[in-house]
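K.L.:
For reference, the structure I am asking about is given below.
2 protein chains.
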Amino acid sequence: MQINRRKLFGLGAAGVAAAGTGALATRAMLDAAPPAAAASTSDPVSFYGEHQAGIVTPAQDRLHFVSFDVVTKKRDELVEMLQEWTAAAARMAQGKDAGTFGAVGGAPEAPPDDTGEALGLPPSGLTLTIGFGPSLFDDRFGLAAKKPAALADLPRFPGEALLPEISGGDLCVQACAHDPQVAVHAIRNLARIGFGKVSVRWSQLGFGRTSSTSRAQTTARNLMGFKDGTNNLKLEDAAMLKQQLWVAPGDGPAWMTGGSYMVTRKIRMNIETWDRAPLGEQQQIFGRDKGEGAPLGRAREFDPIDFNAKGQDGELAIAKDAHIRLAHPTSHGGAHLLRRGYNYVDGSDGLGRLDAGLFFIAYQRDPRKQFVPIQMELARKDLLNEYIKHVSSGLFACPPGLRDAGDYWGRTLFA
Amino acid sequence: MQINRRKLFGLGAAGVAAAGTGALATRAMLDAAPPAAAASTSDPVSFYGEHQAGIVTPAQDRLHFVSFDVVTKKRDELVEMLQEWTAAAARMAQGKDAGTFGAVGGAPEAPPDDTGEALGLPPSGLTLTIGFGPSLFDDRFGLAAKKPAALADLPRFPGEALLPEISGGDLCVQACAHDPQVAVHAIRNLARIGFGKVSVRWSQLGFGRTSSTSRAQTTARNLMGFKDGTNNLKLEDAAMLKQQLWVAPGDGPAWMTGGSYMVTRKIRMNIETWDRAPLGEQQQIFGRDKGEGAPLGRAREFDPIDFNAKGQDGELAIAKDAHIRLAHPTSHGGAHLLRRGYNYVDGSDGLGRLDAGLFFIAYQRDPRKQFVPIQMELARKDLLNEYIKHVSSGLFACPPGLRDAGDYWGRTLFA
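If you're matching them up, the sequences are chains A and B in order. Residue numbering for the first sequence is 12 to 426, as defined by our numbering. Residue numbering for the second sequence is 12 to 426, as defined by our numbering.
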């Protein structure tokens with residue numbers, strides 16, 4: 012039986028049984044199943060369902076993303092760790108400690124089962140989403156025959172300058188929450204639990220979700236100052252999600268049915284150069300106006316784009332190589348992405364510039380038909396390329412959701 | 012006259028005068044003076060006052076800190092930039108664009124006066140606090156005679172491993188806000204305005220304020236999982252602030268009267284090692300229990316510390332070299348600090364570990380009598396040293412507050 016409330020700390024030195032109840036009580040003990048979308052930013056999001064949480068879940072404001080290398084050679088150890096991770100993730104999504112005995116009830120002579128920094132904080136909409144990278148399907152764990160064709164390594168794109176040390180990985184976990192401390196706590200505890208079996212390969216913090224995933228959300232802005240994700244796939248688009256987002260039976264190996272493929276790209280922006288580009292040029296590059304986010308030639312953000320509209324000068328209002336034209340589904344046989352990227356600032360680069368940009372995350376049914384052709388077109392022609400550089404890349408197969416507390420991350424792949 | 016409302020975007024292509032009003036209206040146009048402490052996390056904090064905002068202001072949840080090198084050799088250019096910064100900072104503190112013409116009203120052929128990513132966001136309690144580093148008082152700007160004795164370089168502390176490229180700096184700005192996008196926007200626009208006169212030396216993001224600065228705030232937790240800042244100086248302690256925080260007439264050069272000295276230390280934590288330390292050891296190291304944050308031997312967080320209490324084993328409940336004993340004012344002739352540090356995670360370190368810890372910020376009347384002796388004692392004896400490393404250091408003289416819109420950052424120093 013799972014102990015589903017925090018035990019009490021501080022019994023050692025003072026023997027005071029009531030110590031800690033004040034702070035701990037604010038992090039709710041939740042037994043009822045929480046809803047798929049939190050009503051407030053402090054509420055929990057359900058960990059269970061047909062699909063993993065954290066994909067169509069209305070994008071939370073903060074991200075901690077981590078990629079792991081698997082260092083154990085033993086398949087059983089890997090599976091056991093995934094089971095432990097699942098149990099911890101389910102608890103943390105409810106705002107509980109990572110371990111059943113928590114930081115709270117551990118004996119003084121043992122390390123705590125939870126690192127403690129989220130004590131007193133609400134669930135904060137935490138979602139944890141797992142993905143398996145192409146490298147997991149080598150000969151280490153007997154998974155080669157189960158590798159989906161859609162998980163083929165991405166091609167090399169013109170202009171990219173990928174750093175291998177912050178690219179790829181055997182496993183990834185995307186933690187999204189409305190409080191960065193909650194997202195960081197979750198990743199940190201998974202890394203703690205996985206010690207000796209996995210090793211952190213790279214990790215990325217993000218803020219200011221740049222792509223809304225629900226029509227109930229306003230469109231946020233990227234660090235170029237533009238609204239980003241106006242025409243993103245949204246959770247309300249049921250038919251489109253079925254067609255564009257979720258892996259269907261027959262798409263490939265059965266274990267991915269109900270799952271989705273995630274592509275990550277860390278896109279460094281040349282912030283300082285961009286900031287000296289004229290407003291008109293910035294708007295031409297995106298194909299939208301900066302304030303409202305309306306397609307050029309139109310008035311409102313959500314007005315349909317007219318790619319044939321001409322300005323008073325007789326030129327196309329939206330330039331031939333404008334970002335929204337090149338990326339638009341009509342340029343790619345209707346291919347959409349569900350994006351849920353985040354802005355990042357990683358300090359400065361030692362050359363007097365902020366190290367900042369967009370950590371792009373996109374989900375899709377098949378990257379070969381969606382991300383790859385769209386990005387190839389952008390990499391070749393996008394006017395924006397003068398101001399950005401792709402420095403990290405990741406591709407992960409995110410399995411379907413978990414049925415209940417008896418299920419675990421990777422069951423459909425390993426069982 | 013200052014144009015104190017946003018102009019409208021998007022007039023170019025579509026000529027729609029009403030474009031943008033929806034999104035922009037959510038970022039309030041404020042003419043009335045906002046209060047010194049915001050009532051909600053979206054409200055503004057007053058930019059003017061006897062002391063700079065961002066010191067005793069109840070600590071906001073997010074930080075973007077930046078250190079600049081001055082690259083111009085001309086004193087006049089530096090002063091002019093500080094005046095431009097002040098005007099931009101005053102606007103941004105009210106939730107307005109950085110420039111009087113904003114991102115909004117710029118001509119299409121000119122770069123925008125604001126980078127745009129905070130459009131539509133509320134003021135979010137933004138405070139911007141400026142400081143001048145010891146290196147500014149060399150022979151470049153004729154300031155040598157005005158250098159306060161209290162701004163003497165910090166001594167070398169045992170065990171520190173400072174990286175010069177993320178230490179020091181001629182100027183710093185501490186941006187605190189409840190929304191990281193607002194803090195990042197502010198620093199980024201100051202860097203944009205300062206282009207050619209200053210260069211970003213280093214920059215640091217932080218979250219989860221670890222030291223409350225008001226009794227109205229709960230004590231937050233650092234990434235070791237412990238409550239941090241229980242006995243911090245608080246804005247309600249008027250007599251203590253006068254004695255410990257603010258520079259008084261006669262303390263040194265008159266230009267610093269009403270100011271305060273800021274020390275920053277980036278303290279990397281060996282997260283993975285700490286997470287495998289037994290709970291009892293963790294508590295002994297800090298001298299507090301982990302759940303409630305009570306001093307060992309006591310029941311509640313704010314119970315007075317009894318340094319003489321003994322446990323059932325006859326040993327001191329709070330060990331001789333426990334953190335709270337070594338750092339306590341009673342060990343340093345009553346010396347206090349006003350801390351307002353933040354947790355940070357800067358991704359991973361390439362060795363399988365999270366690059367995480369505490370970005371420590373402390374304000375005080377004289378570092379020679381406060382930070383230096385306290386830190387020397389900690390550096391020599393603190394049991395915590397096994398788990399931490401100081402990798403960056405900064406010292407800055409933060410001048411008094413601004414009287415009104417005619418005042419500017421550095422007036423008391425340069426005028």
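Glycine included, each C-beta is placed from N, C-alpha and C at the ideal position. It should be emphasised that the depicted structure is a prediction, and the values quoted were computed from it without experimental measurement.
Quick one: what's B/T138 bridged to in DSSP?
P.N.:
B/C187
K.L.:
Nearest to A/R276 by CA position, among A/N354, A/Y419, A/D54 and A/F318, is which residue?
P.N.:
If we check each option's Cα against that of A/R276, A/N354 comes out closest.
K.L.:
DSSP state of A/I14, grouped into three classes?
P.N.:
Unreliable positioning characterises A/I14 in this predicted model, as indicated by a pLDDT of 28, which lies under 50. A coordinate reading is not provided.
K.L.:
Using DSSP with H/G/I as helix, E/B as strand and the rest coil, what is B/G245?
P.N.:
Here residue 245 of chain B is Lys; the residue named in the question, Gly, does not match the sequence. Note: B/K245 maps to coil in three-state DSSP.
K.L.:
Work out the CA separation of A/D248 and A/E395 for me, nearest whole Å.
P.N.:
At residue 395 of chain A the sequence reads Leu, which differs from the Glu that was named. For A/L395 and A/D248, the distance between alpha carbons rounds to 29 angstroms.
K.L.:
Please state the DSSP three-state secondary structure of A/P145.
P.N.:
In this structure, A/P145 counts as helix in the three-state DSSP scheme.
K.L.:
The alpha helix (DSSP H) with A/Q293 in it runs from where to where?
P.N.:
L290 to F297
K.L.:
Are the C-beta of A/L137 and some C-beta of chain B separated by less than 8 angstroms?
P.N.:
no
K.L.:
Closest to B/Q477 by C-alpha separation, out of B/D377, B/A194 and B/V211, would be which residue?
P.N.:
Outside the modelled stretch of chain B, which goes from 12 to 426, sits residue 477 of chain B, for which no answer is possible.
K.L.:
Going along chain B in order, which residues have a C-beta closer than 7 angstroms to the C-beta of A/P119?
P.N.:
P289, L290 and G291
K.L.:
So that I know if they touch, is there some Cβ in chain B lying closer than 8 angstroms to that of A/T126?
P.N.:
yes
K.L.:
Here's a check: name, in chain order, each residue in its chain whose Cβ is nearer than 7 angstroms to the Cβ of B/L89, leaving out the five neighbours to either side.
P.N.:
V81, T83, F152 and K208
K.L.:
Rounded to the nearest angstrom, what separates A/D317 and A/D357 at their Cα positions?
P.N.:
The alpha-carbon atoms of A/D317 and A/D357 are separated by roughly 37 angstroms.
K.L.:
Tell me which residues of the region 170-204 of chain A have at least one Cβ-Cβ distance to chain B shorter than 7 angstroms, keeping chain order.
P.N.:
E176, P191, Q192, V195, R199, A202 and R203
K.L.:
My guess is that A/W266 and A/K157 are in contact by the Cβ rule of under 8 angstroms, so how many angstroms apart are they, rounded?
P.N.:
6 angstroms
K.L.:
Which ranges would you report for the alpha helix (DSSP H) in the region 150-229 of chain B if only whole runs of at least 4 residues count?
P.N.:
191-204
K.L.:
Do A/L74 and A/A194 count as a contact pair if the criterion is CB distance below 8 angstroms?
P.N.:
Yes, they are a contact pair.
K.L.:
Can you name the start and end residues of the beta strand (DSSP E) that A/R278 belongs to?
P.N.:
Looking at the sequence provided, one finds Ile at residue 278 of chain A rather than Arg. S271 to M280 is the span of the beta strand (DSSP E), which, as asked, contains A/I278.
K.L.:
Distance, Cα to Cα, B/P340 vs B/N243?
P.N.:
Using only the alpha carbons, I get a separation of about 10 angstroms.
K.L.:
Can you name, in chain order, every residue of its own chain whose Cβ lies under 6 angstroms from the Cβ of A/H196, other than the five neighbours on each side?
P.N.:
Hits under 6 angstroms: E128 and A129.
K.L.:
Tell me where the alpha helix (DSSP H) around B/R336 begins and ends.
P.N.:
H334 to A338
K.L.:
How is the alpha helix (DSSP H) around B/Q386 delimited, first residue to last?
P.N.:
F382 to K392
K.L.:
Quick one, which of A/I204, A/G144 and A/P191 has its alpha-carbon nearest A/G217's?
P.N.:
A/P191
K.L.:
List the residues that DSSP assigns as beta-bridge partners of A/I464.
P.N.:
With chain A covering 12 to 426 only, the question about residue 464 of chain A has no answer from this structure.
K.L.:
Could you tell me how far apart the beta carbons of A/A202 and A/M280 are, in whole angstroms, since I believe they sit closer than 8 angstroms?
P.N.:
Actually they are not in contact, since the Cβ atoms of A/A202 and A/M280 sit about 29 angstroms apart, beyond 8 angstroms.
K.L.:
Looking at the C-beta of B/N319, does it have a partner C-beta in chain A at a distance below 8 angstroms?
P.N.:
no
K.L.:
Could one say the Cβ of A/W96 lies closer than 8 angstroms to chain B's Cβ atoms, at least one of them?
P.N.:
no
K.L.:
Excluding sequence positions up to five away, which residues of its chain have a Cβ less than 6 angstroms from the Cβ of B/T268?
P.N.:
V258 and P260
K.L.:
Secondary structure at A/D42, three-state DSSP: helix, strand or coil?
P.N.:
Only weak support exists for where A/D42 lies, its pLDDT of 36 falling under 50; the value from the coordinates is given anyway. In this structure, A/D42 counts as coil in the three-state DSSP scheme.
K.L.:
Quick check: what's the CA-CA separation for B/P315 versus B/G302?
P.N.:
17 angstroms
K.L.:
For A/Q293, is the classification buried or exposed, using 16 other Cβ atoms within 10 angstroms of its Cβ as the cut-off for buried?
P.N.:
buried
K.L.:
Looking only at its chain, what residues have a beta carbon closer than 6 angstroms to the beta carbon of A/A186, apart from the 5 residues adjacent to it on each side?
P.N.:
H75, L139, A194, A197 and I198
K.L.:
For A/V211, go through chain B and note every residue whose CB falls closer than 8 angstroms to its CB, in chain order.
P.N.:
S359, G363, R364 and L365, listed in chain order.
K.L.:
Interface residues of chain B around A/Q215 at Cβ under 8 angstroms?
P.N.:
G358
K.L.:
Comparing the C-beta of A/G219 with each C-beta of chain B, is any distance below 8 angstroms?
P.N.:
yes
K.L.:
For A/T37 and A/G131, what's the separation of their Cα atoms in angstroms?
P.N.:
Any answer about A/T37 is weak, because its pLDDT of 33 lies below 50 and its placement is not dependable; what the coordinates show is given next. Distance between the alpha carbons of A/T37 and A/G131: 5 angstroms.
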